[in-house]
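Trainee: This structure is in structure tokens; I'll ask about it shortly.
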Amino acid sequence: MRDPAAAGSGIPVAASTALRRTLTGAPQPAVVVGAPSGAIYVRTEDGELIAVLAPGAARLPMGAVVGNRDALRSRPVQYQAGQVGAGRIEAGSLSAYVGRWWDPGPVLPPLRPGVLAANLVRVVNPDRGTGLPTGALLDTLPALGAALHAGDDTAAARAASALVGLGPGLTPAGDDVLVGLLSALVCLGHPVAVRFAATLQSAAAGRTTDLSLALLRHASRGHCIGAVGALLRALAGAGDPQVAHRRLLAVGHNSGAALALGTLLGVGLTVRLAVAG
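Just so we're aligned, residue 1 is where the sequence shown starts under my numbering, counting upward by one.
Encoded structure:
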């Protein structure tokens, strides 16, 4: 259903409800901060990052997805000025309106630790690169898991800080792991989730990319990358976890494997807590 606030011409987009306040609010200045293949990133004056995405791109929680890839053939350049609000996204050659909305929060079935545990053992990360150095995989990540399980905020902050910004690219591998981990903890209702989210916001500020910061902020609210949410749903009993896992692994070059690693760690911590309780 077309949004009544978005009257006018341009290309229709399906926008995340996480962006509803920004997109339906009063128009405000914005700027293009990136235009890689399959996406255009626009940052508003108040700091909200919006990802205008091609249909085949990873479904980001702050995404506005176009109906066909050709709609992004004519692309604005980086730092080009624009405007966002009143149901529209305008930046150079990009002119889009909100045609419908989708919810970035996965709807999970009632959580049963036994189901999570049984499905978790069916999913094993393959021997493929996550983009993390060996030390992070063998030392930092286990230390982070142990700290979170023990409720040791200081040790968790130390381990998480070592992962923030670790690796190259728009979303470094260390950040991808943390996004997956936080998404799982928040969506599964782990008691350390709120404190860990605050820890990550503090640790990441000024130390990583705008895109990673936005993904961490959305993860703290239970807004997931689409393939991460699908894996959580499947592990909770609403789908095939092996299929969902393979689809997550297909995201990006290394991002999918790193996201999966963090997501499975978060699910494992939730299962351990239930068993210990």
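Cβ atoms here follow ideal geometry from the backbone N, Cα and C, with glycine treated the same way.
Kindly identify the DSSP beta-bridge partner or partners of G82.
Mentor: Translated into positions along the sequence shown, residue 82 becomes position 82. Answer is A30 and A91, bridged to G82.
Trainee: One question on the structure: do V65 and P55 come within less than 8 Å of each other, judged by their Cβ atoms?
Mentor: Position 65 of the sequence shown, counting from 1, holds the residue named residue 65. Position 55 of the sequence shown, counting from 1, holds the residue named residue 55. Result yes, Cβ atoms of V65 and P55 sit closer than 8 Å.
Trainee: With C-beta atoms as the reference, is A71 less than 8 Å away from G63?
Mentor: In the sequence shown, the residue the question calls residue 71 occupies position 71. In the sequence shown, the residue the question calls residue 63 occupies position 63. Going by C-beta atoms, A71 is not nearer than 8 Å to G63.
Trainee: Among L216, D210 and G87, which has the Cα closest to the Cα of T199?
Mentor: Locating residue 199 in the sequence shown gives position 199, counting from the first residue. Nearest C-alpha to T199: L216.
Trainee: Which parts of the stretch 141-187 are runs of the alpha helix (DSSP H), unbroken and 4 residues or longer, counting only runs that do not cross its ends?
Mentor: 141-150, 153-163 and 173-187
Trainee: Can you name the start and end residues of the alpha helix (DSSP H) that R21 belongs to?
Mentor: Here residue 21 refers to the residue found at position 21 of the sequence shown. Where R21 is concerned, the enclosing alpha helix (DSSP H) stretches over R20 to T24.
Trainee: In angstroms with no decimal places, state the Cα-to-Cα distance between V177 and S37.
Mentor: Stepping through the sequence shown from its first residue, residue 177 is reached at position 177. Stepping through the sequence shown from its first residue, residue 37 is reached at position 37. Cα-Cα distance, rounded: 23 Å.
Trainee: Could you give the residue range of the alpha helix (DSSP H) that holds L113?
Mentor: As a position in the sequence shown, residue 113 is number 113, starting the count at 1. A small fix is needed here, since residue 113 is Pro in this sequence, not Leu. Unbroken alpha helix (DSSP H) run through P113: P113 to L120.
Trainee: What are the boundary residues of the alpha helix (DSSP H) that includes A276?
Mentor: For the purposes of this step, residue 276 is taken as residue 276 along the sequence shown, with counting starting at 1. Per DSSP, A276 belongs to the alpha helix (DSSP H) from S255 to A276.
Trainee: Relative to the C-alpha of G237, which candidate in G34, Q78, L111 and P106 has its C-alpha closest?
Mentor: Taking the first residue of the sequence shown as 1, we reach residue 237 at position 237. Of the residues G34, Q78, L111 and P106, the one whose Cα lies closest to the Cα of G237 is L111.
Trainee: In terms of alpha-carbon separation, which member of L132, G67 and T22 lies closest to R88?
Mentor: Within the sequence shown, numbered from 1, the residue matching residue 88 stands at position 88. Considering only alpha carbons, the answer is T22.
Trainee: Would you kindly work out how many angstroms separate the C-alpha atoms of L232 and G226, rounded to a whole number?
Mentor: Mapped onto the sequence shown, residue 232 falls at position 232. Mapped onto the sequence shown, residue 226 falls at position 226. Straight-line Cα distance between these residues: approximately 10 Å.
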